[in-house]
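Take the sequence shown: its position 46, counted from the start at 1, is 46 in full-length UniProt numbering, and no numbers get skipped.
Ideal placement from N, C-alpha and C gives every residue a C-beta, glycine not left out.
Each remark here refers to the structure printed beneath this line.
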Amino acid sequence: MPSRKKSAMFASAFFTCICSFVMICVVLATQHWMSSEIRFSGTNSSVTVRLTYGLFSGTCEQFIDAGLQVSERTFQVADNLGNTEAKSMITAIIVILVLSLLSSLLSSGFTCTNAVSNPYQTFLGPTGVYTWNSLCGIFILIAMILFPVNIKESSLSVELARGCFPFLQIHTESSHTYGYSYWIMLLIIFLNIASVIIIYFYDHARYSKKKEQERPIANAPKDVILF
């Protein structure tokens, strides 16, 4: 059985890993990654489209001239995208988040195992926790970078607006606001860092204690050692 200190430290890391896992599920499930207001000019009037969407679906509203709402509808992101590059990027982000979900799940399993037992394999100990938490954090960071790149380089919001209302003409300007679904990923990174720090303190304390136990033998006189 593990010591109380080890159980407490790994139980704390298990809690942060589970929180990370739940947050990734929230990021995938909620559709508040981006809110965009896009303006188009036509022959006789100007049109404003307001979008709120995530990786899978969203809602769009159409306003004309003085803010009069004309229509509102929901849409599927994949169905509204005609741009192959933008669709591929969204797919890549989903795959990366699924990988981070699996990494977080494995990290939770490793920390739980160490909280209740002493695994024989080295990789099942702190090394495994470091590995899976680091991978999870890296995957989340990549997703946080790819999404804004897709917004800017592939004009994702404009593509989705045109998918909702095909008659839209000349795009004039856009404004974007990142939603809570996007910013939760920053919290996930902090949770992964917290897990690594907790296990590092435990590992460092264990290493220091081991060195302290070895020191009396190293400092003992030769005749005492021989005896």
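Residue i to residue j span [Cα, whole Å]
{"i": "R73", "j": "Q62", "result": "9 Å"}
{"i": "S104", "j": "I197", "result": "16 Å"}
{"i": "A8", "j": "F14", "result": "10 Å"}
{"i": "V77", "j": "G54", "result": "8 Å"}
{"i": "R4", "j": "F190", "result": "26 Å"}
{"i": "G179", "j": "T52", "result": "9 Å"}
{"i": "S108", "j": "P119", "result": "15 Å"}
{"i": "I166", "j": "L124", "result": "The sequence shown places Pro at residue 166, not Ile. P166 and L124: Cα-Cα distance of roughly 54 Å."}
{"i": "A92", "j": "T113", "result": "32 Å"}
{"i": "K152", "j": "V70", "result": "27 Å"}
{"i": "C19", "j": "S12", "result": "11 Å"}
Beta-carbon proximity of residue i to residue j, cut-off 7 Å
{"i": "N150", "j": "N192", "result": "no"}
{"i": "G163", "j": "N80", "result": "yes"}
{"i": "G128", "j": "F110", "result": "yes"}
{"i": "I188", "j": "I142", "result": "no"}
{"i": "V47", "j": "I64", "result": "yes"}
{"i": "F139", "j": "L99", "result": "yes"}
Nearest to residue i (by Cα), restricted to the options the options
{"i": "I184", "options": "T84, S175, E173, A29", "result": "A29"}
{"i": "K87", "options": "T52, F56, G179", "result": "F56"}
{"i": "L146", "options": "T131, F165, L99, M89", "result": "M89"}
{"i": "K6", "options": "T177, S117, P148, K152", "result": "S117"}
{"i": "S35", "options": "S46, V47, G58", "result": "G58"}
{"i": "residue 228", "options": "A115, V49, S46", "result": "As displayed, the chain neither begins before 1 nor continues past 227, which places residue 228 out of reach and without an answer."}
{"i": "S157", "options": "H176, L186, Y130", "result": "H176"}
{"i": "M144", "options": "T172, I94, T131, Y130", "result": "I94"}
{"i": "F201", "options": "Y130, E159, V70, S71", "result": "Y130"}
Inter-residue CB distance, residue i and residue j (contact presumed, cutoff 8 Å)
{"i": "L168", "j": "F21", "result": "Incorrect: roughly 40 Å between the Cβ atoms, too far for contact."}
{"i": "C17", "j": "A161", "result": "Not quite, the Cβ-Cβ distance comes to about 39 Å (not below 8 Å), so this is no contact."}
{"i": "I38", "j": "S195", "result": "The pair is not a contact, with the Cβ atoms about 40 Å apart (cut-off 8 Å)."}
{"i": "H32", "j": "S154", "result": "H32 to S154, Cβ: 20 Å. No contact."}
Same chain only: Cβ atoms within 8 Å of residue i, ignoring 5 sequence neighbours per side
{"i": "L101", "result": "F21, I24, C25, L28"}
{"i": "N44", "result": "none"}
{"i": "F75", "result": "Y53, S57, G58, T59, C60, L160, G163, C164"}
{"i": "T172", "result": "R39, F40, S41, S46"}
Same chain, Cβ closer than 6 Å to residue i, neighbours up to 5 away in sequence not counted
{"i": "P126", "result": "I199, D203"}
{"i": "E159", "result": "L81, N83, A86"}
Own chain residues within Cβ distance below 7 Å of residue i, not counting five before or after
{"i": "I170", "result": "F40, S41"}
{"i": "L106", "result": "W132"}
{"i": "E85", "result": "S154"}
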